[in-house]
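Numbering (our numbering), first residue to last: 13 to 177.
The beta-carbon is built from N, C-alpha and C at its ideal position, and this holds for glycine as well.
Shown next, in structure tokens, is the structure this report addresses.
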């Protein structure tokens, strides 16, 4: 099935092997300008599984926390808190590192949540509603309507059903 909205398209394949073959073909073709992708499937319990080409808020929070901790720890050093070897120097370093980690995590999670292509995205929900056991959906977002037409032509070579919405 293929559902298109603006510059994105959903193709539902009969198997995981078919979608992987399609992804391999699309990545080898430089003609299609792909900006984001996601693969949607259902597990045996009926839960939707989304694998995307983006960071999850948890992953972004981890990276942001580490970056924030390092930035504030280095800032503490640059300000000159380490010039004297006293107990409060360690306490200040610890406090700024924790503050940096918390701020970095909060900011990174917020940004990733705002930009996610996750399970609440309408196209993911639409794809999940139409999936049968064993089928896999490929959601592709391209940069222009011309690239969308080209993507459709590329996907004609595969056994994907089409659904307009």
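Annotation: residue 110 to residue 147 spans about 45 angstroms, alpha carbon to alpha carbon.
Taking 9 angstroms as the cut-off, the beta carbon of residue 112 is found closer than this to the beta carbon of residue 82.
Short of 7 angstroms from the beta carbon of residue 85, and not among the five residues preceding or following it, lie these beta carbons of its own chain, in chain order: 105, 108, 109, 112. In this structure, DSSP gives residue 170 a state outside helix and strand, which the three-state scheme calls coil. Residue 134 sits exposed, since fewer than 16 C-beta atoms from the chains shown fall within 10 Å of its C-beta.
Within a 10 Å sphere around the beta-carbon of residue 25 sit 16 or more other beta-carbons, which makes this residue buried.
Taking 9 angstroms as the cut-off, the beta carbon of residue 22 is found no closer than this to the beta carbon of residue 119. If you check the CB distance, residue 172 and residue 54 do not come in under 9 angstroms. Beta-carbon to beta-carbon, residue 80 and residue 115 are separated by about 5 angstroms, close enough to satisfy the 8 angstroms threshold. In the DSSP assignment, residue 73 falls outside any beta strand (DSSP E) and within the unbroken alpha helix (DSSP H) covering 69-91.
The Cβ atoms of residue 52 and residue 149 lie closer than 9 angstroms to each other.
Residue 33 and residue 157 have their C-alpha atoms some 24 angstroms from each other.
In this chain, residue 141 is not harboured by any beta strand (DSSP E); it is covered by the alpha helix (DSSP H) spanning 134-142. Here residue 47 carries a strand assignment [DSSP, helix/strand/coil]. DSSP places residue 60 inside the beta strand (DSSP E), whose first and last residues are 60-64. In the three-state DSSP reduction, residue 155 falls in the coil class, being neither helix nor strand.
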